Amino acid sequence: MGCFHSKVARQPPGHEDPVVLASQTAFSVSEVEALYELFKMISSSVVDDGLISKEEFQLALFKNRKKENLFANRIFDLFDVKQKGVIDFGDFVRSLNVFHPNAPQEDKINFAFKLYDLDSTGFIERQEVKQMLIALLCESEMKLADETIEIILDKTFIEADVDQDGKIDKSEWQNFVSRNPSLLKIMTLPYLRDITTTFPSFVFNSEVDEIAT
Amino acid sequence: VAPVTMNAFELISTSQGLNLSTLFEK
Chain A
1 MGCFHSKVAR
11 QPPGHEDPVV
21 LASQTAFSVS
31 EVEALYELFK
41 MISSSVVDDG
51 LISKEEFQLA
61 LFKNRKKENL
71 FANRIFDLFD
81 VKQKGVIDFG
91 DFVRSLNVFH
101 PNAPQEDKIN
111 FAFKLYDLDS
121 TGFIERQEVK
131 QMLIALLCES
141 EMKLADETIE
151 IILDKTFIEA
161 DVDQDGKIDK
171 SEWQNFVSRN
181 PSLLKIMTLP
191 YLRDITTTFP
201 SFVFNSEVDE
211 IAT
Chain B
1001 VAPVTMNAFE
1011 LISTSQGLNL
1021 STLFEK
């Protein structure tokens, strides 16, 4: 039988109890503690303050802090649940939980919708999709003529925007994704299954006396 | 696959900024 007695006074500010976080997510207590090892690495890469700044997030993602990227910014803003300009450990675990292979499909669909709804109007508009395509071309070697971008947008909106009002609402998005399940591939991180083997040092820093998996 | 045969979201999802697996690379 697992028996959890949290030790006190070892947690930095903003660090939530792993037992509580495990109870709210698909992660076990050990996995939350292993995620804390990753969190500590990222959050101390520029300033060791127990919080992930946008710069630290970009550094972890691209191994290059100068690389501005629309999509990385968008992910950061969605992880920054409390809109504080930084990601604390609770935000980090709850947000990564959506990317867990066992997370509900509906959570993944909703997260992807928010990701692409750049101005948070509740709709993915054609102009937003165009902006994302242009951002993609800027970051990659790919070159597409403006007419080609418009053809891609036409094709996409004919398929996704069922009522043809020029924007994709949540239910249109759900239908579109169910017909194109590969779109959700980015929403699952198989790495999250092996987090305790990737960061085994969590065992030495464990805050619970006994760890049940 | 030629990009023009892909829909916009398939293309967008190839962005490096959406590939969170790199967070786990030490």
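If you read the protein sequences in the order shown, they are chains A and B. Its first residue numbered 1, the first sequence is counted upward by one per residue in our numbering. Its first residue numbered 1001, the second sequence is counted upward by one per residue in our numbering. Just so you know, even glycine gets a beta-carbon here, dropped at the ideal spot from N, CA and C. If you're wondering where the values come from, they're calculated on a predicted model, not measured in any experiment.
Measure the C-alpha to C-alpha separation of Asn73 (chain A) and Lys54 (chain A) and round it to an integer number of angstroms. Locating residue 73 (chain A) in the first sequence gives position 73, where the first residue counts as 1. Locating residue 54 (chain A) in the first sequence gives position 54, where the first residue counts as 1. Near 7 Å, if we compare the C-alpha coordinates of Lys54 (chain A) and Asn73 (chain A).
Is there a C-beta anywhere in chain A that falls below 7 Å from the one on Thr1005 (chain B)? What you label residue 1005 (chain B) is simply residue 5 of the second sequence in a count that begins at 1. No, Thr1005 (chain B) does not count as interfacial toward chain A.
7 Å CB neighbourhood of Leu144 (chain A) in its chain, flanking five on each side removed: As a working note, residue 144 (chain A) is residue 144 in the first sequence. Only Leu137 meet the Cβ criterion.
To the nearest angstrom, how far is the alpha carbon of Ser140 (chain A) from that of Asn102 (chain A)? In the first sequence, counting from the first residue as 1, residue 140 (chain A) sits at position 140. In the first sequence, counting from the first residue as 1, residue 102 (chain A) sits at position 102. Near 31 Å, if we compare the C-alpha coordinates of Asn102 (chain A) and Ser140 (chain A).
Determine, using beta carbons only, whether Ser45 (chain A) and Glu56 (chain A) come nearer to each other than 7 Å. Counting from 1 along the first sequence, the entry for residue 45 (chain A) is found at position 45. Counting from 1 along the first sequence, the entry for residue 56 (chain A) is found at position 56. Yes, the pair counts as a contact, with Cβ atoms nearer than the cut-off.
Is any beta-carbon of chain B found at less than 7 Å from that of Ala72 (chain A)? For this step, residue 72 (chain A) is matched to residue 72 along the first sequence. Chain B contact via Cβ: present.
Along the chain, where does the alpha helix (DSSP H) containing Ala22 (chain A) start, and where does it finish? Residue numbering aside, residue 22 (chain A) sits at position 22 when the first sequence is read from its first letter. Per DSSP, Ala22 (chain A) belongs to the alpha helix (DSSP H) from Pro18 to Gln24.
Run through DSSP, which three-state label would Lys114 (chain A) get? Position 114 of the first sequence holds residue 114 (chain A). Residue state, collapsed to three classes: helix.
Thr188 (chain A) and Asn97 (chain A): beta carbons closer than 7 Å? Within the first sequence, residue 188 (chain A) is the residue found at index 188, counting from 1. Within the first sequence, residue 97 (chain A) is the residue found at index 97, counting from 1. Not a contact, by the Cβ cut-off of 7 Å.
Exposed unless 16 or more other CB atoms sit within 10 angstroms - verdict on Ala9 (chain A): Here residue 9 (chain A) is taken as the residue at index 9 of the first sequence, counted from 1. In this prediction, Ala9 (chain A) has a pLDDT of 46, which is less than 50 and means its spatial position is unreliable; what the coordinates show is noted afterwards. So Ala9 (chain A) ends up on the exposed side.
May I ask you to list the residues that DSSP assigns as paired with Lys167 (chain A)? By 1-based counting over the first sequence, the position of residue 167 (chain A) is 167. Lys167 (chain A) pairs with A:Glu125.
Three CB pairs or more closer than 8 Å across the segment 118-133 of chain A and the segment 182-200 of chain A: no
Per-residue contacts from Val129 (chain A) into chain B (C-beta, under 7 Å): In the first sequence, counting from the first residue as 1, residue 129 (chain A) sits at position 129. In chain order: Ala1008.
Starting from Leu1020 (chain B), follow the alpha helix (DSSP H) in both directions and report where the run begins and ends. Along the second sequence, one-based indexing puts residue 1020 (chain B) at 20. Premise fails: Leu1020 (chain B) is in no alpha helix (DSSP H) and is neither H nor E.
Output the distance between the C-alpha atoms of Leu133 (chain A) and Leu51 (chain A), rounded to the nearest integer angstrom. Position 133 of the first sequence, counted from the start, is the residue given in the question as residue 133 (chain A). Position 51 of the first sequence, counted from the start, is the residue given in the question as residue 51 (chain A). Their backbone Cα atoms lie some 31 Å apart in a straight line.
Looking only at its chain, what residues have a beta carbon closer than 6 Å to the beta carbon of Asp169 (chain A), apart from the 5 residues adjacent to it on each side? The residue labelled residue 169 (chain A) in the question sits at position 169 within the first sequence. So the list reads Phe123, once near-sequence residues are dropped.
What are the start and end residues of the alpha helix (DSSP H) that includes Phe79 (chain A)? Locating residue 79 (chain A) in the first sequence gives position 79, where the first residue counts as 1. Taken as a continuous stretch (DSSP letters only), the alpha helix (DSSP H) holding Phe79 (chain A) covers Leu70 to Phe79.
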